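The opening residue of the sequence shown carries number 1 in full-length UniProt numbering; numbering runs sequentially from there. Think of the CB as a built atom: it goes at the ideal place given N, C-alpha and C, for glycine as much as any other residue. Note that this is a predicted model, so its numbers are computed, not measured. Notes to accompany the following structure.
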Amino acid sequence: MPHPLITQRHIDDFARDGAVLVKGLFADHVDSLRDGVAQNMASPGPYAAENLEPGAAGRFFDDYCNWQRIPAFEQAIRTSPAAEVAADLMQSETTQLFHDHVLVKEPGTAKPTPWHQDGPYYFVEGRQTVSFWSPLDPVTDASLRCVAGSHLWPRPVLPTRWLSQTSFYPETDAYIPVPDPDAEGLRVLEWAMQPGDAVAFHFAVLHGARGNATAARRRAFSVRMVGDDARYTRRPGPTSPPFPGHDMVQGQRLRDDWFPTIYRRDTADPVR
1 MPHPLITQRH IDDFARDGAV LVKGLFADHV DSLRDGVAQN MASPGPYAAE
51 NLEPGAAGRF FDDYCNWQRI PAFEQAIRTS PAAEVAADLM QSETTQLFHD
101 HVLVKEPGTA KPTPWHQDGP YYFVEGRQTV SFWSPLDPVT DASLRCVAGS
151 HLWPRPVLPT RWLSQTSFYP ETDAYIPVPD PDAEGLRVLE WAMQPGDAVA
201 FHFAVLHGAR GNATAARRRA FSVRMVGDDA RYTRRPGPTS PPFPGHDMVQ
251 GQRLRDDWFP TIYRRDTADP VR
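If you want it as structure tokens, here you go:
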């Protein structure tokens, strides 16, 4: 049986559409995650970025790979139902942590999160992948938007840099250009969400978000997880995150000392 927060319909919809809403996934961690985001913004990590052009109004901050230094992030990852729900959605016996990600749009930030798939930026291949995107503030128009079924497209979408919109890799023949889902009439999934709700989406789902035109902040905590079939793969250039010195080789399961297994179905309990 799946975790009580989801049903078989969530699992079936995730397989078909690549994205589902999970109500209350991080509901018990909202306050601590807000504190963690504040700590992250006060002390950014080496991958932190400001994603606005000079002179643009607002602020669009993001950072990742901070769970080992921000206790609130690790606590939410390990003690929330996320790892078990991930295993259910991925139909995997295990869940490995890949990395965390924080995205903050201050009031009046017009810049959207560009349409992209996460997978082409990563050195991971496999069908068993899931990201959770959880707002720490109520969201409507600034919610995550996912293109239904895009995880099943035969070719990946070209990864680009968010600020310059230049290609992430020098060789682009393997990728399709970034679509415009609204102009092309693609089916876009989006939900009004409360703090602690989460969108679960496959690494290969095309997704983005509008700017934040409201008078309130839009803080979001995201965590990426992989399942049994995830393996390291080389990309045409440096990946994001880069994880320098990982020493993995093509086809290797992600090393467990860097990417810990946080759930095993045979124990029916998170791995602490």
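**Item:** Span of the beta strand (DSSP E) around Arg219
**Value:** Along the sequence shown, one-based indexing puts residue 219 at 219. If you look at Arg219, you'll find it in the beta strand (DSSP E) that goes 218–226.
**Prompt:** Would DSSP call residue 360 helix, strand or coil?
**Reply:** The first residue shown for the chain is 1 and the last is 272, placing residue 360 beyond what the model contains.
**Message:** For the alpha helix (DSSP H) containing Pro77, name the first residue and the last one.
**Reply:** Residue numbering aside, residue 77 sits at position 77 when the sequence shown is read from its first letter. One detail in the question is off: residue 77 reads as Ile in this sequence, not Pro. Per DSSP, the continuous alpha helix (DSSP H) segment holding Ile77 begins and ends at 71–79.
**Prompt:** Among residues of its own chain, excluding the 5 on either side of Cys146, which ones have a beta-carbon nearer than 6 Å to its beta-carbon?
**Reply:** Counting from 1 along the sequence shown, the entry for residue 146 is found at position 146. Excluding positions up to five away in sequence, the list reads Ala19, Leu189, Phe201, Val205, His207.
**Item:** Segment contact, 8 Å Cβ cut-off, at least three pairs: the segment 181–195 with the segment 97–106
**Value:** Three or more beta-carbon pairs separated by less than 8 Å are not found between the segment 181–195 and the segment 97–106, which leaves the two stretches without contact.
**Request:** Using only alpha-carbon positions, find the residue among Arg16, Leu21, His3 that is nearest to Asp194.
**Result:** Counted from its first residue, the sequence shown places residue 194 at position 194. One point to set straight first is that residue 194 is Gln, not Asp, in the sequence displayed. Between Gln194 and the set Arg16, Leu21, His3, the nearest pair of CA atoms involves Leu21.
**Asked** What are the start and end residues of the beta strand (DSSP E) that includes Gln96?
**Response** Counting from one through the sequence shown, the residue named residue 96 turns up at place 96. Its beta strand (DSSP E) spans residues 94–105.
**Message:** The beta strand (DSSP E) that contains Ala19, what's its start and end?
**Reply:** Here residue 19 refers to the residue found at position 19 of the sequence shown. Bounds of the beta strand (DSSP E) holding Ala19 are 19–22.
**Message:** If you measure between the beta carbons of Pro114 and Trp162, is that distance less than 7 Å?
**Reply:** Within the sequence shown, residue 114 is the residue found at index 114, counting from 1. Within the sequence shown, residue 162 is the residue found at index 162, counting from 1. Their beta carbons are under 7 Å apart, which means Pro114 touches Trp162 by this criterion.
**Contact set for Asp141: own chain, Cβ-Cβ below 6 Å, skip 5 residues either direction** = Indexing the sequence shown from 1 puts residue 141 at position 141. Only Arg210 meet the Cβ criterion.
**Request:** Ignore the nearest five residues each way along the sequence and tell me which others in Asp197's own chain have a CB closer than 6 Å to its CB.
**Result:** As a working mapping, residue 197 is identified with position 197 in the sequence shown. Cβ within range, chain order: Lys23.
**Item:** Contact the segment 78–87 vs the segment 3–16: 3+ CB pairs below 8 Å
**Value:** Between the segment 78–87 and the segment 3–16 there are three or more C-beta pairs closer than 8 Å, enough to call the two in contact.
**Prompt:** Could you give the residue range of the alpha helix (DSSP H) that holds Arg34?
**Reply:** Counting from 1 along the sequence shown, the entry for residue 34 is found at position 34. Note, Arg34: alpha helix (DSSP H), 30–42.
**Item:** Simplified DSSP assignment, three categories, for Val232
**Value:** To locate residue 232, count along the sequence shown from 1; it is residue 232. The identity of residue 232 in the sequence shown is Tyr, whereas the question assumes Val. Looking at Tyr232 - three-state DSSP - the assignment turns out to be strand.
**Prompt:** So, Asp228 versus Thr94, is the Cβ gap smaller than 7 Å?
**Reply:** On the sequence shown, position 228 is the one that residue 228 refers to. On the sequence shown, position 94 is the one that residue 94 refers to. Taking 7 Å as the Cβ cut-off, Asp228 and Thr94 qualify as a contacting pair.
**Asked** With respect to the alpha helix (DSSP H) encompassing Glu190, which residues constitute its N-terminal and C-terminal limits?
**Response** Here the question's residue 190 lines up with position 190 in the sequence shown. No alpha helix (DSSP H) holds Glu190; the beta strand (DSSP E) holding it covers 188–190.
**Request:** Keeping to the same chain, check which residues put their C-beta closer than 7 Å to that of Lys111; ignore five residues upstream and five downstream.
**Result:** For the purposes of this step, residue 111 is taken as residue 111 along the sequence shown, with counting starting at 1. For Lys111, where only same-chain residues beyond five positions count, the Cβ hits under 7 Å are Asn51, Leu52, Ala56, Phe60, Gly211.
**Request:** Take every Cβ of the segment 128–144, pair it with every Cβ of the segment 213–226, and state whether three or more of those distances are shorter than 8 Å.
**Result:** Three or more Cβ pairs closer than 8 Å define a contact, and the segment 128–144 meets that threshold against the segment 213–226.
**Integer-rounded CB distance, given that Met225 should sit under 8 Å from Val130** = Position 130 of the sequence shown, counting from 1, holds the residue named residue 130. Position 225 of the sequence shown, counting from 1, holds the residue named residue 225. With 8 Å as the limit, Val130 and Met225 qualify as a contact, their Cβ atoms being about 5 Å apart.
**Message:** Here's the rule I'm using: 16 or more other beta-carbon atoms within 10 Å means buried, otherwise exposed. How should Asp63 be labelled?
**Reply:** Here residue 63 refers to the residue found at position 63 of the sequence shown. Answer is buried; the Cβ neighbour count reaches 16.
**Message:** Just to confirm the assignment, what range does the beta strand (DSSP E) spanning Leu144 have?
**Reply:** As a working note, residue 144 is residue 144 in the sequence shown. It spans 144–147 - the beta strand (DSSP E) in which Leu144 sits, taken as one unbroken run.
**Prompt:** Quick one: Cα of Gly36 to Cα of Val223, how far?
**Reply:** Residue mapping note: residue 36 aligns to position 36 of the sequence shown, counting from 1. Residue mapping note: residue 223 aligns to position 223 of the sequence shown, counting from 1. Cα to Cα, the separation comes out at about 14 Å.
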